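Numbering (numbering that gives the first Met the number 0), first residue to last: 0 to 425. All C-beta atoms, glycine included, are put in the ideal place defined by N, C-alpha and C. Keep in mind that this is a model prediction, so the values were computed, not measured.
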Amino acid sequence: MSAKLQAVRGMNDVLPEEAELWQGFERTVEAWLARWGYRPMRMPLVEHTALFRRAIGEATDIVEKEMYSWRDELNDEELTLRPEGTASCVRAAIEHSLIYDGPKRLWYGGPMYRHERPQKGRYRQFHQYGAEALGFAGPDVDAELIVMCARLWPELGLSGIRLELNNIGSAEERARHRGDLIRHLEANEARLDAEARRRMRTNPLRVLDSKHPLVQEVVASAPPLKGYLGEASRAHFGGVTKLLDAAGVAYAFNPRLVRGLDYYNLTVFEWVSDALGAQGTVCGGGRYDGLFAQLGGKPAPGAGFAMGCERLVALLKDSNRRPSPLRPDAYVLLQGEGTLAYAFALADELRAAGHAVVQHAGGGSFKSQMKKADGSGAWLALIVGEDELGKGEVAVKLLRRNDPQLRIPRDQVVQGFAGLLQKARS
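Structure (structure tokens):
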């Protein structure tokens with residue numbers, strides 16, 4: 000007997016009940032992005048591997064260990080399933096000259112891929128919404144990106160999501176800090192775990208967010224990055240916090256927050272929940288003013304964020320306020336000789352008029368059909384039996400009320416349907 004086929008580990012099916020929750024979440028998020036002036040775009044799932052090596056950084060966990068990469072033998076190309084969206088979005092902006100006529104606010108959504116050990120909130124195929132503000136240099140757009148997230152959480156019905164902020168300055172300021180940080184880590188190398196020792200010369204800032212207790216002790220006495228920041232970096236960050244204060248958005252300054260990607264500068268931020276265990280970051284982002292030039296484009300500022308859909312949907316599942324599942328307006332039942340074509344045409348006309356209608360299929364008794372109609376969540380049951388067929392009528396049952404059944408001429412059902420639906424919902 001052949002082995003049972005299952006989904007790839009860390010790449011999950013989303014079954015109908017949960018998929019409806021996802022759809023409600025997606026509708027809310029996409030309407031929210033539109034209200035803030037962000038326009039949609041779509042990038043390919045597969046990019047040249049060099050894009051991520053150049054943008055994210057060779058010494059990051061993503062590039063070193065997590066990318067799904069392969070050589071396309073037909074075209075002799077190194078390709079990668081996208082592990083994040085910002086690099087792809089900026090590549091597209093450069094390739095198509097999107098900001099030649101001024102800054103742009105863009106958003107995208109869809110699956111990303113990282114080869115990690117799957118755990119709750121961390122999967123090999125995961126989904127993100129990303130927002131990118133391209134061409135805006137001031138602290139106002141940093142604050143906008145943060146404030147818009149602050150307004151989304153209550154709209155989704157979520158609470159307990161806190162904001163952490165840091166200022167990581169410019170590349171030049173981090174380079175000056177990097178040398179002193181490496182010397183400090185080397186002096187305390189015996190107290191570092193293997194991961195910190197591996198990172199301390201290639202990506203020493205990542206050592207700062209280690210969770211290992213001994214490493215945290217070493218980090219506590221390390222030279223702080225803020226001591227290397229110049230006046231311009233401090234002024235930019237001060238502009239961000241001033242606007243957050245004016246908007247009433249609470250935040251905590253976290254000097255260890257560095258984000259895991261090399262392209263960030265100045266403002267970095269994360270929205271964190273304690274309800275998800277180790278994978279508590281539901282949204283993160285910051286400024287990346289050097290990325291356009293890094294990818295071969297004309298220098299331009301940029302800032303953005305990405306939010307993890309799986310993690311936010313997990314919070315929605317536990318919240319008291321969940322998007323209502325979609326329900327059909329009507330369920331069409333049929334019983335008897337010759338009723339199928341009559342019922343089929345009725346359902347088709349109602350759908351053409353813009354109504355959501357489920358046509359019963361598969362036979363079964365009238366009682367079993369009524370049970371399915373009720374279980375579908377529909378407001379109305381439209382009943383076509385031999386008697387209705389003979390008289391050119393349709394029987395109508397208001398499923399959520401105790402009103403008596405109605406009989407309506409067939410040619411009046413479509414024009415009177417909106418009134419019936421209103422009555423059924425009242």
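Note to self: With three or more beta-carbon pairs closer than 8 angstroms as the criterion, would you say the stretch 9 to 24 touches the stretch 127 to 138?
What the structure shows: no
- Expressed to the nearest angstrom, what Euclidean distance is found between the alpha-carbon atoms of residue 357 and residue 375? 9 angstroms
- Task: To the nearest angstrom, report how far apart residue 339 and residue 382 are at their CA atoms.
- Result: 11 angstroms
Problem - Coil, strand or helix - residue 406 by DSSP - result: strand
Checklist entry - Between the C-alpha atoms of residue 396 and residue 16, what's the straight-line distance to the nearest angstrom? => result 26 angstroms
Does the beta-carbon of residue 300 have 16 or more other beta-carbons within 10 angstroms, so that it is buried, or is it exposed? buried
For the pair the stretch 112 to 126 and the stretch 90 to 97, tell me if three or more CB-CB distances fall below 8 angstroms.
no
field: residue 280, enclosing alpha helix (DSSP H) - first and last residue
entry: No alpha helix (DSSP H) holds residue 280; the beta strand (DSSP E) holding it covers 280 to 286.
Checklist entry - Starting from residue 147 and walking both ways along the alpha helix (DSSP H), at which residues does that stretch end? => result 138 to 155
Notebook entry, point to check: CB residue 330 to CB residue 380, shorter than 7 angstroms?
Noted result: yes
- Message: Alpha carbons only, please: which of 317, 297, 294, 283 is nearest the one belonging to residue 303?
- Response: 283
For residue 203, count the other beta carbons within 10 Å of its own beta carbon; 16 or more makes it buried, fewer makes it exposed. Which is it?
buried
Tell me the DSSP secondary structure of residue 347 in three-state form. helix
C-alpha distance - residue 22 paired with residue 36, whole-angstrom precision: 21 angstroms
Report the partner residues of residue 127 according to the DSSP bridge assignment. 109, 307
Could you tell me whether the Cβ atoms of residue 279 and residue 267 are closer together than 7 angstroms? no
For residue 161 and residue 231, believed in contact at Cβ under 8 angstroms, the rounded distance
Wrong, their Cβ atoms sit about 28 angstroms apart, outside the cutoff.
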